[in-house]
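**Student:** Residue numbers (the UniProt record's numbering): 1 to 302.
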């Protein structure tokens, strides 16, 4: 690996020369010299410096962005070579969308730990669009998402399980006493929805299109937990995965509405970068997902 590149990336991540020097066990003048060598190599300034922080120039952004890919590829190469000689162990970077990551993935991780205790998953939870981007940019070894996946040319997808989504209300909402919920009822209600880029928001938009209405009132939230609490408080209604509301349903603090055409079905999918090389840890993680596939599906409706 290019030593100057590694020093540069550490300075960017710490946004401070002295902090980077301390973590790299180098003197601050040595760190400054490494950055100067790299800037001389490219004959351009990579960092804007002041007394407190450093910031990337446009050229610096390019070097840092591709540097992350280089480091990822270098680490992957070492893991693949090591695994030819030794048993699978070490880190695997796993990205998951909120619904799968918060309500399904913990069970998968418990199964993985029991079978392969030397594999150490590093988990990132974000919306579907961000996880797809991180997998495509090799910041993640594998992702599990719901909804449509872009960048099909560089990402392979595989459906792993079904998800079922219901319109939910708080236990004291007037809808819980109605025998029939009309489209007009739904259109006139406050809808509490996830942000754009979320698989749950994509499913909600699909529901609006399917039932041919557009709510007059939308409240956008970046967290499923906040949505559940808002619905419990009587602020409105929402469309969420059955996985996300199991506890609240058991406690009867949230109710499922009986609406024609529901539940809405969608897929949980594995996504990986289109490459013939995978670490053994990644292969074993995917194998664990596939083996637990039936368990996931059998519990999705109950």
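A virtual CB, placed ideally from N, CA and C, is assigned to each residue, including glycine. Model, not experiment: these values are computed from the prediction.
Taking Cβ positions, are residue 204 and residue 256 nearer each other than 7 Å?
**Tutor:** One-based indexing of the chain shown puts residue 204 at position 204. One-based indexing of the chain shown puts residue 256 at position 256. No, the pair does not count as a contact, with Cβ atoms beyond the cut-off.
**Student:** Between residue 125 and residue 282, which are expected to be in contact by the criterion C-beta below 8 Å, what is the C-beta distance as a whole number of angstroms?
**Tutor:** As a first step, residue 125 is located in the chain shown; it is residue number 125 there, counting from the start. As a first step, residue 282 is located in the chain shown; it is residue number 282 there, counting from the start. The pair is not a contact, with the Cβ atoms about 18 Å apart (cut-off 8 Å).
**Student:** I need the DSSP call for residue 129, collapsed to helix, strand or coil.
**Tutor:** Within the chain shown, the letter at position 129 stands for residue 129. Three-state DSSP puts residue 129 in a helix.
**Student:** Residue 181 lies in the beta strand (DSSP E); which residues open and close that run?
**Tutor:** Numbered from 1 along the chain shown, position 181 holds the residue referred to as residue 181. Where residue 181 is concerned, there is no enclosing beta strand (DSSP E), given that its DSSP letter is neither H nor E.
**Student:** What is the rounded straight-line gap between the Cα of residue 89 and the Cα of residue 224?
**Tutor:** To locate residue 89, count along the chain shown from 1; it is residue 89. To locate residue 224, count along the chain shown from 1; it is residue 224. Near 33 Å, if we compare the C-alpha coordinates of residue 224 and residue 89.
**Student:** Closest to residue 138 by C-alpha separation, out of 67, 280, 97 and 265, would be which residue?
**Tutor:** To locate residue 138, count along the chain shown from 1; it is residue 138. Closest by alpha carbon: 67.
**Student:** Please state whether the Cβ-Cβ distance between residue 104 and residue 243 is less than 7 Å.
**Tutor:** In the chain shown, the residue the question calls residue 104 occupies position 104. In the chain shown, the residue the question calls residue 243 occupies position 243. The answer is yes: Cβ separation under 7 Å.
**Student:** Grab me the residues of residue 57's own chain with a C-beta within less than 8 Å of its C-beta, minus the 5 sequence neighbours each way, in chain order.
**Tutor:** Here residue 57 is taken as the residue at index 57 of the chain shown, counted from 1. Cβ within range, chain order: 44, 45, 46, 47 and 48.
**Student:** What are the boundary residues of the alpha helix (DSSP H) that includes residue 32?
**Tutor:** Here residue 32 is taken as the residue at index 32 of the chain shown, counted from 1. Element bounds for residue 32: 28-42.
**Student:** Please determine, among 12, 19, 5 and 11, the residue with the shortest C-alpha to C-alpha distance to residue 41.
**Tutor:** Here residue 41 corresponds to residue number 41 of the chain shown, with the count starting at 1. With distances taken between Cα atoms, residue 41 lies closest to 5.
**Student:** Give the straight-line distance between the Cα atoms of residue 113 and residue 128, rounded to the nearest whole angstrom.
**Tutor:** For the purposes of this step, residue 113 is taken as the residue at position 113 of the chain shown. For the purposes of this step, residue 128 is taken as the residue at position 128 of the chain shown. Cα to Cα, the separation comes out at about 25 Å.
**Student:** Take residue 38 and list the residues in its own chain whose beta-carbon comes closer than 6 Å to its own, dropping the five residues that flank it on each side.
**Tutor:** The count along the chain shown starts at 1 and reaches residue 38 at position 38. If we look at residue 38 and ignore the five residues flanking it on each side, its Cβ neighbours are 4 and 8.
**Student:** State the DSSP-derived secondary structure class of residue 146, mapped to helix, strand or coil.
**Tutor:** Stepping through the chain shown from its first residue, residue 146 is reached at position 146. Residue 146 falls in the strand class under three-state DSSP.
**Student:** Ordered along the chain, which non-local residues of its own chain (more than five positions away) have a Cβ less than 7 Å from that of residue 95?
**Tutor:** Translated into the one-based positions of the chain shown, residue 95 becomes position 95. So the qualifying residues of the chain are 124, 126, 131, 134, 135, 140 and 143.
**Student:** Whole angstroms is fine: what's the gap from residue 221's alpha carbon to residue 192's?
**Tutor:** The residue given as residue 221 occupies position 221 in the chain shown. The residue given as residue 192 occupies position 192 in the chain shown. When rounded, the distance between both Cα atoms is 7 Å.
**Student:** Is it the case that the Cβ atoms of residue 176 and residue 237 are separated by a distance below 7 Å?
**Tutor:** The sequence position of residue 176 within the chain shown is 176, counting from 1. The sequence position of residue 237 within the chain shown is 237, counting from 1. Going by C-beta atoms, residue 176 is not nearer than 7 Å to residue 237.
**Student:** Which word fits residue 194, buried or exposed, when buried means at least 16 other C-beta atoms lie within 10 angstroms of its C-beta?
**Tutor:** As a working note, residue 194 is residue 194 in the chain shown. Per the 10 Å Cβ criterion, buried.
**Student:** What residues in its chain sit with their C-beta under 8 Å from that of residue 234, if we drop five residues either side in the sequence?
**Tutor:** Walking along the chain shown from the start, residue 234 turns up at place 234. Taken in chain order, the residues that qualify are 170, 172 and 173.
**Student:** For residue 259, which of helix, strand or coil comes out of DSSP?
**Tutor:** As a first step, residue 259 is located in the chain shown; it is residue number 259 there, counting from the start. Coil at residue 259, not helix or strand.
**Student:** Return helix, strand or coil for residue 54, following the three-state DSSP convention.
**Tutor:** Taking the chain shown and counting its residues from 1, one reaches residue 54 at position 54. Looking at residue 54 - three-state DSSP - the assignment turns out to be strand.
**Student:** Within its chain, find whatever has a CB closer than 7 Å to the CB of residue 115; leave out the 5 residues flanking it on each side and keep chain order.
**Tutor:** Your numbering for residue 115 matches position 115 in the chain shown. 288.
**Student:** So who's on the other strand from residue 268, going by DSSP bridges?
**Tutor:** On the chain shown, residue 268 is found 268 positions in, with the first residue counted as 1. Residue 268 pairs with 146 and 161.
**Student:** What separation, rounded to the nearest whole angstrom, lies between the Cα atoms of residue 145 and residue 29?
**Tutor:** On the chain shown, residue 145 is found 145 positions in, with the first residue counted as 1. On the chain shown, residue 29 is found 29 positions in, with the first residue counted as 1. Their backbone Cα atoms lie some 45 Å apart in a straight line.
**Student:** Quick one: complete beta strand (DSSP E) runs, 3+ long, within the stretch 73-114?
**Tutor:** With a minimum length of 3 residues, the continuous beta strand (DSSP E) runs that stay inside the stretch 73-114 are 90-96.
**Student:** Kindly indicate the opening and closing residues of the alpha helix (DSSP H) around residue 24.
**Tutor:** Taking the chain shown and counting its residues from 1, the one referred to as residue 24 is at position 24. It spans 17-24 - the alpha helix (DSSP H) in which residue 24 sits, taken as one unbroken run.
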